[in-house]
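Under the working numbering, the first residue of the sequence shown carries the number 2, and numbering increases by one thereafter. Note that CB positions come from ideal geometry on N, CA and C, so glycine has one too. Written below as structure tokens is the structure these notes are about.
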Amino acid sequence: MCLTYVKLMCYSSSRRVTVKPVMELGKSGVAEALALVAVGVSAAAAAKQTGISRSAVSQAIKVREMRKVLGQRVCSECEAPLPVDARPSALTCSGRCRVIRLRRLKGEAKKLEIDAINRDRAKLGLPPLERLAVPSHGQSD
């Protein structure tokens with residue numbers, strides 16, 4: 002992103018003079034904050050000046066750095082390129098991949114939960130659990 006100049010608006014009060022960027026039409030606060038960071042303003046100061054959270058600015062900076070490294074963002078599941086109009090926070094290319102990702106993460110979380118329970122059971126001298134699923138009505142193990 003090439004930035005030649007930034008329009009600034011000065012606001013003065015009895016205590017201090019605040020310099021804020023003038024929002025361009027159609028430009029988001031995150032884009033304004035990234036432009037300020039590119040000029041040399043700290044991320045916290047850019048977030049304060051544009052009126053967005055510091056975490057939003059840091060997330061946008063991370064996304065921008067990943068784009069530089071990868072050249073293009075890719076889906077976390079199928080590794081296909083993400084659409085151009087995808088949100089900055091998008092991790093998957095489609096609804097199908099999003100469902101696959103959520104199911105994978107749910108399975109990983111369940112395994113971690115079982116491992117934690119089994120560690121506690123081992124401390125108590127109990128046998129480990131094989132699974133955490135609750136049997137359905139009418140089924141017995």
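Alpha-carbon to alpha-carbon, residue j and residue i
i	j	result
Val75	Arg97	15 Å
Pro129	Arg55	44 Å
Gly126	Lys107	28 Å
Ser77	Arg102	8 Å
Arg122	Arg105	26 Å
Among the options, the one whose alpha carbon lies nearest that of residue i
i	options	result
Ala57	Lys112, Glu78, Leu35	Leu35
Val64	Glu33, Leu106, Glu114, Leu92	Leu92
Thr51	Pro82, Gly30, Leu103, Ile62	Gly30
Cys79	Ala87, Pro89, Ala45, Ser95	Ser95
Lys90	Ile118, Lys111, Glu114, Ser59	Just to set this straight, residue 90 is Ser in the shown sequence, not Lys. Of the listed residues, the one whose Cα sits closest to Ser90 is Ser59.
Backbone secondary structure at residue i - three-state DSSP
i	result
Gly126	coil
Glu109	helix
Glu131	coil
Val23	Note that Val23 scores a pLDDT of 45, beneath 50, so its modelled location is shaky; the value from the coordinates is reported in the next line. It is coil, neither helix nor strand.
Residue i at chain B interface by Cβ criterion, 8 Å
i	result
Asp86	Annotation note: the requested chain B is absent from the structure, which comprises a single protein chain.
Exercise for review: Entirely within the region 25 to 94 and at least 4 residues each: give me those alpha helix (DSSP H) ranges in chain order.
Suggested key: Segments of the alpha helix (DSSP H) lying fully in the region 25 to 94: 30 to 40, 44 to 51, 55 to 71.
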